[in-house]
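If you want this note's numbering, it's the 1-based position in the sequence shown plus 343.
All C-beta atoms in this analysis are idealised placements derived from N, C-alpha and C, irrespective of residue type, glycine included.
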Amino acid sequence: MNPTFGFIGTGNMGSALVRAAAQAMDAKHITLADQCAEKAAALAKEIGCTSTDVKTLAQNCYYIFLGVKPQVMESMLSDIAPVLASRQDRFVLVSMAAGLSIADIRRMAKSDYPVIRIMPNIPASVGGGVILFDCSENVKAEEISAFRENMRFAGLVDPLPEKLIDAGSALSGCGPAFVCLFVEALADGAVACGLPRDKALAYAAQTLAGTATMLLKTGIHPGQLKDAVCSPGGTTIAGVMAMEESGFRAGAMDAVMAAYQRTLELGK
Numbered sequence: 344m345n346p347t348f349g350f351i352g353t354g355n356m357g358s359a360l361v362r363a364a365a366q367a368m369d370a371k372h373i374t375l376a377d378q379c380a381e382k383a384a385a386l387a388k389e390i391g392c393t394s395t396d397v398k399t400l401a402q403n404c405y406y407i408f409l410g411v412k413p414q415v416m417e418s419m420l421s422d423i424a425p426v427l428a429s430r431q432d433r434f435v436l437v438s439m440a441a442g443l444s445i446a447d448i449r450r451m452a453k454s455d456y457p458v459i460r461i462m463p464n465i466p467a468s469v470g471g472g473v474i475l476f477d478c479s480e481n482v483k484a485e486e487i488s489a490f491r492e493n494m495r496f497a498g499l500v501d502p503l504p505e506k507l508i509d510a511g512s513a514l515s516g517c518g519p520a521f522v523c524l525f526v527e528a529l530a531d532g533a534v535a536c537g538l539p540r541d542k543a544l545a546y547a548a549q550t551l552a553g554t555a556t557m558l559l560k561t562g563i564h565p566g567q568l569k570d571a572v573c574s575p576g577g578t579t580i581a582g583v584m585a586m587e588e589s590g591f592r593a594g595a596m597d598a599v600m601a602a603y604q605r606t607l608e609l610g611k
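If you want it as structure tokens, here you go:
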């Protein structure tokens, strides 16, 4: 397939996916639209693609990425529903709205269109992201393959049953914010010990990146790697004990569960 990709909404997440798609396909097959036409035009100029209005995009693109906030999804789909209904050719809606199911998107679009529901995260903009996805029953195998092929530069593109996507998003979608808090806290601790701020941030970020890479490449359980670093009576186990006393793990678990609950609320 040599499909056209249209992105409605060029905020942080939409822009990240646009940049990933532009690495996998000819930019002439990418079209952007945004409520702020100037924003879409600026990104289109950067990428080398075109920008247009929402209805024109909905009329012409094969994959239509719906990158608007959940709270405005219904009004946006209501506006383009007549355009979609008038099309004689095939197209696929790709929703990235937190808390909105495939059934919700079809109801708002007023038809049982093929829908791919995705939950990406912001590191997709640098090729280190996660895109969780599931599809309605009428998305074809070749459409799934083309979607995955053209999103491959975003990072991990992983199928997940829709019933688990909200939970997965609470981790991968919200997780970058949690990780940044952790990196900043590590750096603050090092600054308190006398390390310059720029060095502290660089060391914290690289330590996190390196450890994550090691876990992914080796498949080792994080507890096993933690134990390997903790010498008996040593410095690391003293720090681990301090983290446990501060409720670090419980706090991290609570953050994911709070994000999950909020996702469910947004979908109501």
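Subject >> For residue 523, the first and last residue of its enclosing alpha helix (DSSP H) >> reply: Under the DSSP assignment, residue 523 falls in the alpha helix (DSSP H) whose first and last residues are 518-535.
Subject >> From 532, 517, 511, residue whose alpha carbon lies closest to that of residue 585 >> reply: For the residues 532, 517, 511, the minimum Cα distance to residue 585 belongs to 532.
**OP:** Tell me, please, which residues DSSP counts as bridged to residue 374.
**Re:** Residue pairing from DSSP places residue 374 in a beta bridge opposite 349, 393.
Original post:
Are the beta-carbon atoms of residue 493 and residue 367 separated by less than 9 Å?
Top reply: Yes. Within cutoff.
Original post:
If we count the other Cβ atoms within 10 Å of its Cβ and call it buried at 16 or more, is residue 392 buried or exposed?
Top reply: Taking every protein chain shown into account, the CB of residue 392 has 16 or more other CB atoms within 10 angstroms, so this residue is buried.
**OP:** Consult DSSP for residue 430 and reduce its assignment to one of helix, strand or coil.
**Re:** Residue state, collapsed to three classes: coil.
Subject >> Residue of 591, 507, 536, 529 minimising C-alpha distance to residue 606 >> reply: Comparing Cα positions, the closest option is 507.
**OP:** Using three-state DSSP, classify residue 494 as helix, strand or coil.
**Re:** Note: residue 494 maps to coil in three-state DSSP.
**OP:** Hey, could you find the ends of the beta strand (DSSP E) residue 407 is sitting in?
**Re:** Per DSSP, residue 407 belongs to the beta strand (DSSP E) from 406-409.
Original post:
Taking the continuous beta strand (DSSP E) assigned at residue 462, which residues delimit it?
Top reply: Segment 458-463, the beta strand (DSSP E) holding residue 462.
**OP:** Please state if the CB of residue 409 and the CB of residue 395 are separated by a distance shorter than 9 Å.
**Re:** Not closer than 9 Å, so no.
Subject >> Three-state secondary structure (DSSP) of residue 563 >> reply: In the structure shown, residue 563 sits in coil (DSSP, three-state: anything other than H, G, I, E or B).
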